[in-house]
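Numbering (full-length UniProt numbering), first residue to last: 1 to 545.
See structure below.
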Amino acid sequence: MAAARAQQLSVLRVLLLRLLLLLRLLLLPPLLLALLPSPAGAVWPQPQVQSSPPGAGRCPVPARRFRFAAADGSAVGPGCAVLDAAFQRYWPLLFGRPTENEPSWETPCTELLVYVSTPGCDGFPSLDSKENYKLSVSKGSMLLSAETIWGALRGLETFSQLVGRDENGTYYINETEIVDFPRFPHRGLLLDTSRHYLPLRAILETLDVMAYNKFNVFHWHIVDDPSFPYESSTFPELSRKGAFNAMTHVYTASDVRTVIEYARLRGIRVIAEFDTPGHTLSWGPGAPGLLTPCYLGKTPSGAYGPINPIVNSTYKFVTSLFQEVSTVFPDFFLHLGGDEVDFTCWKSNPEIRAFMVEMGFGEDYKKLESFYVQRVLDIVSSLGKGYIVWQEVFDNDVKLRPDTIIHVWKDNNMQYVKEMANVTRAGYHALLSAPWYLNRISYGQDWIEAYKVEPLSFEGSPEQKALVMGGEACMWGEYVDVTNLTPRLWPRGGAVAERLWSNQTVRNVEDAYTRLAEFRCTLLGRGIRAQPLYVGYCDHEFGGV
């Protein structure tokens, strides 16, 4: 009787402890839950489907014996630069300097076989590239299969996040099955290298972290009003006279090739933006006659405004520049800007006012802007390139090709929702950036607002929703340079990455916090200065603590 009573008390005590733990969890502020251990196998961005079979266990991964290898029958094997480089990158990311204990009584997972069904290794990723993959992990057997090398890269990143290390120093991976693919084909990040010059190493590090987040487009806003760091072979005076420092603050042809190839090896497209007719003040010193002279009454003021749209020399210059750019940057798309054109200087110039009368434009300078933009779009089309433009080009009724992509950036009281509806209703493809300006910061958990954005929240038909290609996080450079670029970007940029990759139903902020906090620790372990989300710690702090 006493023994039975003691057993009942023991059971009650266990139940009470469990109840107290549950209450503790419920009473904790939601985002403090991230201080608790993250579930093994958490992946960022979350895969479309991830499951473990009943009774699933784990498999030790012995670092000293582990290897990546092409599976039998794979259309891509040894000698593929993309996969060879990826294998070399991911081994140290997984293990660092291996000092692990290897249990001798368990069947180890010593090899990840990679099967790619479609040949092709020397090309560049594109908007149409397939990034789907499957990953199967069971005791003693691991297989990553993908349609293309780009999907294989995404699967390798997922695999790298699944490998953990226990308290005994043993690397392991849980048995799991993953079927994954991106929700949107265009998942980008914009860097502004005009307002502050970003050294090459900072751009390359950003490309690394983009790959960790499964971003696939680097939008290089390479020039703007403050400086022209792009070293043009056709017009070398542009950077000589337009860069902050023509010796140290330029991107040479070699630098640009390095960025493009570094990105390619990570499955990332590089889309260059040369924004005109506004945002071109840095072009003026190296291209006399390109910009519009501003007037004060009947006298030139000495200041200059946007590109002069009424002289033929402008279009000869633009044609030559974009001929060069179209060969330097292999992606099908160029970003042509077209935003924030200030008409004040045009209005002051007597020759432009006379041209307005001649063309029947009246006082509507948007028509003059459209006149210029249309000619530039025709030039770029003649070079065999597609184009992306900021939303003003659409708003001002410029004639556009059906495959034009409209980039929505204005975030005035959620007006972007209406703009997305208007763009897609007109039959154009759309990209969203308006709610994802990561250069804007605030105290607290500002990543949550970016995470809660739904790109398809506008009212529209299924056909309209299908025209949304994805979106981009933007890091404008007024207050950002190499000293604060990385911590301002990461892990906040991951909120945008998951929204663009994962299923629309993946929206739970508490769950996201747990996984994002763990992912941030992973970034620290990879040498990335990712800022903290909130109170907490990582087993391996930055710098190896």
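Just so you know, even glycine gets a beta-carbon here, dropped at the ideal spot from N, CA and C.
Predicted model only: the values in this text are computed from it and were never measured.
Looking at residue j and residue i, is the spacing between their C-beta atoms short of 8 Å?
i	j	result
Ile178	Gln50	yes
Ala434	Ala495	no
His196	Asp539	no
Tyr387	Phe317	no
Val311	Phe274	no
Lys134	Trp150	no
Glu518	Ala42	yes
Ser233	Val250	no
Gln46	Ser502	yes
Val217	Ile268	yes
Thr280	Pro306	yes
Val61	Pro92	no
Phe394	Tyr428	yes
Pro293	Tyr372	no
Val114	Ala71	yes
Met469	Leu489	no
Ser227	Ser254	no
Gly242	Ser282	yes
Leu438	Ala466	no
Please report the residue range of the alpha helix (DSSP H) in which residue i lies.
i	result
Ala272	It is not in any alpha helix (DSSP H) - Ala272 instead sits in the beta strand (DSSP E) that spans Arg269 to Glu273.
Phe95	Ala81 to Phe95
Glu498	Arg492 to Trp501
Asp378	Tyr365 to Ser382
Ala202	Leu200 to Tyr212
Val318	Asn312 to Val328
Take the Cβ of residue i as the centre, count every other Cβ of all protein chains shown within 10 Å, and call the residue buried at 16 or more, exposed below.
i	result
Gly362	exposed
Val389	buried
Ala287	buried
Asn245	exposed
Ser313	exposed
Lys214	buried
Pro78	exposed
Phe322	buried
residue 580	For residue 580 there is no data in the structure shown, the boundaries of the chain being 1 and 545.
Ser348	buried
Met414	exposed
Pro330	exposed
Please classify residue i: does DSSP put it in a helix, a strand, or coil?
i	result
Pro462	helix
Phe542	coil
Phe519	helix
Gly536	coil
Asn422	helix
Glu231	coil
Glu106	coil
Tyr387	strand
Leu467	coil
Met475	strand
Ala246	coil
Cys345	helix
Between which two residues does the beta strand (DSSP E) harbouring residue i extend?
i	result
Ser136	Tyr133 to Ser138
Pro47	Neither: Pro47 is in no beta strand (DSSP E) and is coded neither H nor E.
Pro300	Thr299 to Ile307
Gly360	Premise fails: Gly360 is in no beta strand (DSSP E) and is neither H nor E.
Ser141	Ser141 to Ala146
Trp220	Val217 to His221
Between the region 154-161 and the region 187-203, can you find at least three pairs of beta-carbon atoms closer than 8 Å? Verdict: no, contact absent.
With three or more beta-carbon pairs closer than 8 Å as the criterion, would you say the region 199-219 touches the region 519-528? Touching, yes, given that three or more Cβ pairs across the two stretches are closer than 8 Å.
Would the region 503-513 and the region 440-459 be scored as touching if the rule is three or more Cβ pairs under 8 Å? Yes, they touch.
Answer yes if the region 55-69 comes into contact with the region 106-122, meaning at least three C-beta pairs across the two stretches below 8 Å, and no otherwise. Yes, the region 106-122 touches the region 55-69.
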